[in-house]
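So the sequences go chain by chain: P and R.
Under the numbering used here, the first residue of the first sequence is numbered 6, with each subsequent residue one higher.
Under the numbering used here, the first residue of the second sequence is numbered 1279, with each subsequent residue one higher.
Below is one structure, written out as structure tokens; comments come after it.
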Amino acid sequence: MNSIIKAEKVNKSYGKGENYFSALKDINLDIKASQTIAIVGKSGSGKSTLMHILAFLDQPDKGQVLYEGIDYHQLKSRKLDELRNKKYGFVFQQFFLNPHQTVLENVVLPLKIANIGRGQRKKRGLEVLASVNLLEKANSKTINLSGGQKQRVAIARALINDPEVIFADEPTGNLDSVTGKTIEDLLFSLNKEKGITLIIVTHDEDLAKRCMRQISITDGKIVGSQS
Amino acid sequence: MRYSDLILSASANLLRSKARTLLTIIAIFIGAMTITLTNGIGTGVKTYLNQQIGNLGATNVLTINLSPKKTSNGSGPAQYNPNQQVSLGGDHFGGSQLLMNNSDLSKISEIPNITSVIAVHPIAPDYIMGTSGKYRLTLLEQFGNSTADMLAGKGVDNNSTGYQISIPNTYVSALGYQSSQAILNKTVTIGIRSANGNLGTVQALVSGVQQQAVIGSATVYANTSLASELYTIQSQGLPPATANSFSTIEATFPSNLSASKLQAIKNQLSAEGYSGQTIKDKENTIFTALTAVIVVLDMFGVIALIAASFGIINTLYMSVQERTMEIGLMKALGMSSRKIFNLFSIEAVLIGFWGSILGVLGAMLIGNVANTIANHTILKSFPGLTLVTFPLTTVAIVVIGIMLIAFIAGTMPALKASRKDPIEALRYE
């Protein structure tokens, strides 16, 4: 299988002097297309930092990250914005939905950023809402939804640009176990049906076990990798 | 994001905290209204003065005097010049009116582009009488073409050898006639006293009735034949040197003369020790004073706007703070820093836009009410004066200028938003 995201000797640190903190130390990681990967570790282990670096939201101090062989940090910021807009989808623990907007408006935000016109936005928005079974909520305000519904809206938003990779940061962290299970099923079905690469940051071992690979991080180092 | 989406998003964000937006808009509104009103009054008064200047006299006439020479200066009194006549009087500023005679008249008539020169003899008639009753009057000789706003008939004809006058409309009923039309071509009598005390009378025809001007008193205009006849009566008994001296010369020039050629005339006049002013020059003196007053009033508006732009900065900083997560999300989803900057700048500009539009509308409303009230009360005697007017260009300059100020005020918060680190922002909650 082709490698889609590659981290080579990635180092990241924060602070200076006494506050110096090395978040990632010489991380090497090769993620293949259509894999499902769990990055596990305790809080403060550096797993979120690794995800941010793989998603080009953050820049390594040393080493490099490649997407399909290209280091996007070397390109113009417009290319990088485009990469995150078109190839990546993001799902967060806190959902990050705009409570003042409708479900549909939240879902089409990436298309709005990509300069897509109103009509097409609505058409595509309703399609993805149907795929996460939330079509009837399209015009509700997100503030009126349950946690599971909110996370489905977030997944619909991540899906709207037909991404290659979905980054999920503790996607079930704010949900009860039953709802969490349905969200997990939804994510894995996307991998199965559309071949979307899943990179899930979690401390939930059951969720991690469902992934093809588990990367364990402790103190900024990869301490274990299981497939 | 497309610009239409940016504007819609910015509007939605402003509507999200209505009270805060409204308060910021009110501050802009006050500044915009003040500036629009003061300029509106300025324009209204200037427009009206411009119309009225025509009633003061012809525009193709230079009023020429000898340039005042000080009778004294720091180093003592000036040398006596036996050829220089001085009229009675003087003032604390050291100037006294110098008198001219026929040699000045011929000197000025030789200046290129001057078509005719006339010595202005002050004429002080005793009374004017129509069908019955004698009334006082101010009488001036009409020089050049009349530009007065005629209600009936036309201005006096200087080519006519007959005696003609044109009167302000306020004289019509005093002279015993019902309407401006009725008095046309009727004969009135003017009484004038000579230097040695004899009262003479002259009969003149009314050629026209003009709208009374706001500036200047109600003036009766005489044609040249009538004026010289009146002066002849008035100067009887004066020594010839006094009778033939005067302080003012009126010189006419072609009305289509270019500004540079007119300036050439003025330059030559001052080179020869005279000063020449057209009606326009006098008008400019008034306008300069008026503009100064308006600029001072505008300063109040500007101060209000400066205060208001701090309001904009504050509002946007709060907005950036509240929407940290949203900004981080949009950046994570691929929105460029420049578009984030634009989004917040547009919010600032929209506050400026609505504030200034409402301010202009408020000013128009107040202006119209003020015009209506003023025209029925304090300005009743000034027909045709619109106190406040709002030319489109002024309104456009106010609106665009305020949007620009709002944009500048918005740059700091907008920059702060555009520089937010998406990771920091997403950790915020």
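C-beta: ideal position from N, C-alpha, C; glycine also.
Since the structure is predicted, the reported quantities are computational estimates derived from the model, not experimental observations.
Asked	Found
Note the first and the last residue of the continuous beta strand (DSSP E) segment covering Ala1430(R).	1428 to 1431
Scan the segment 1448 to 1501 of chain R and note each continuous beta strand (DSSP E) run of 3 residues or more that stays entirely inside, going in chain order.	1465 to 1471, 1477 to 1488, 1497 to 1500
Select from the segment 1604 to 1619 of chain R all residues with a C-beta closer than 7 Å to any C-beta belonging to chain P, and list them in chain order.	Glu1604, Leu1607, Met1608, Ala1610, Leu1611, Gly1612, Met1613, Ser1614
Assign Met1237(R) to buried or exposed, taking buried as 16 or more other Cβ atoms, counted over all protein chains shown, within 10 Å of its Cβ.	The requested residue 1237(R) is not part of the displayed model; chain R covers only 1279 to 1707.
Helix or strand or just coil, what does DSSP make of Thr107(P)?	strand
Taking His105(P) as the reference, which of Leu1535(R), Ala1290(R), Gly1637(R), Ile1461(R) has the closest Cα?	Ala1290(R)
So with CB distances below 8 Å, who are the chain R contacts of Ile118(P)?	Met1279, Met1608, Leu1611, Gly1612, Met1613, Lys1617
Applying the criterion that 16 or more other CB atoms from any shown protein chain within 10 Å of the CB defines a buried residue, is Asn111(P) buried or exposed?	buried
Any residues in the segment 1695 to 1706 of chain R with a beta carbon nearer than 8 Å to a beta carbon of chain P? Which ones, in chain order?	Pro1700, Ile1701, Leu1704
Could you tell me which residues DSSP puts in a beta bridge with Asp174(P)?	Phe97(P), Val206(P)
With a CB to CB cut of under 7 Å and the five nearest residues on each side skipped, what residues in its chain are close to Ile1461(R)?	Val1450, Leu1453, Tyr1455, Val1484, Val1487
Check the DSSP bridge columns for Gly1554(R) and list the partner residues they point to.	Ile1342(R)
So that I know if they touch, is there some Cβ in chain P lying closer than 8 Å to that of Asp1283(R)?	yes
Compare the beta carbon distance of Ala165(P) and Val133(P) with 8 Å and say whether it is the shorter of the two.	Note that residue 165(P) corresponds to Ile in the displayed sequence, not to Ala. Contact flag set, yes.
Figure out for me which residue from Arg1471(R), Asn1338(R), Asp1404(R) has the closest Cα to the Cα of Lys1558(R).	Asn1338(R)
Using beta carbons (cut-off 8 Å, strictly below), is Arg1294(R) in contact with chain P?	yes
By alpha-carbon positions, which one of Phe100(P), Arg126(P), Tyr72(P) ends up nearest to Glu87(P)?	Tyr72(P)
Count the other CB atoms within 10 Å of the CB of Val183(P); is the residue buried (16 or more) or exposed (fewer)?	exposed
Can you give me the Cβ contacts of Leu1508(R) inside the same chain, cut-off strictly under 8 Å, excluding the 5 residues immediately before and after it?	Ile1401, Pro1403, Leu1417, Ile1468, Ile1470, Val1480, Ala1500
Which one of Phe100(P), Ile118(P), Gly130(P), Lys91(P) has the shortest CA to CA distance from Leu109(P)?	Gly130(P)
Work out the CA separation of Gly49(P) and Arg218(P) for me, nearest whole Å.	21 Å
What residue range is occupied by the uninterrupted beta strand (DSSP E) comprising Glu1528(R)?	1526 to 1530
Tell me whether Ser53(P) sits in a helix, a strand or coil according to DSSP, three-state version.	helix
Just checking: is the beta-carbon of Ser82(P) within a distance shorter than 8 Å of some beta-carbon in chain R?	yes
Against His78(P), what residues of chain R qualify as contacts under a CB-to-CB distance less than 9 Å, listed in chain order?	Under the 9 Å cutoff, chain R gives no residues; its nearest Cβ is about 14 Å from His78(P).
Chain R beta carbons: is any one of them nearer than 8 Å to that of Asn16(P)?	no
Taking Cβ positions, are Leu29(P) and Gly225(P) nearer each other than 8 Å?	yes
Please tell me whether Ala1582(R) and Ile1342(R) are closer than 8 Å, where the distance is taken between their beta carbons.	no
As a quick exercise: from Asn1391(R), Ala1542(R), Gly1633(R), pick the residue whose alpha carbon is nearest that of Pro1532(R).	Asn1391(R)
Answer yes or no: does any C-beta atom of chain R fall closer than 8 Å to that of Asn144(P)?	no
Give me, in chain order, the residues of the same chain whose beta-carbon lies closer than 7 Å to that of Ile1285(R); leave out the 5 immediate sequence neighbours on both sides.	Ile1624
Using a Cβ cut-off of 7 Å, which residues of the segment 180 to 208 of chain P contact any Cβ in chain R, in chain order?	none
Taking the alpha carbon of Leu1607(R) as the point to measure from, which residue in Glu169(P), Asn33(P), Leu62(P), Ser145(P) has its own alpha carbon closest?	Leu62(P)
Rounding to the nearest angstrom, what Cα-Cα distance links Thr1497(R) and Asn1436(R) in this structure?	17 Å
Relative to the C-alpha of Phe1261(R), which candidate in Val1434(R), Gly1411(R), Tyr1413(R), Lys1412(R) has its C-alpha closest?	One cannot answer for residue 1261(R) here, as it falls past the ends of chain R, which runs 1279 to 1707.
Looking at C-alpha atoms only, which residue of Ser82(P), Ala159(P), Lys127(P) is the closest neighbour of Phe100(P)?	Ala159(P)
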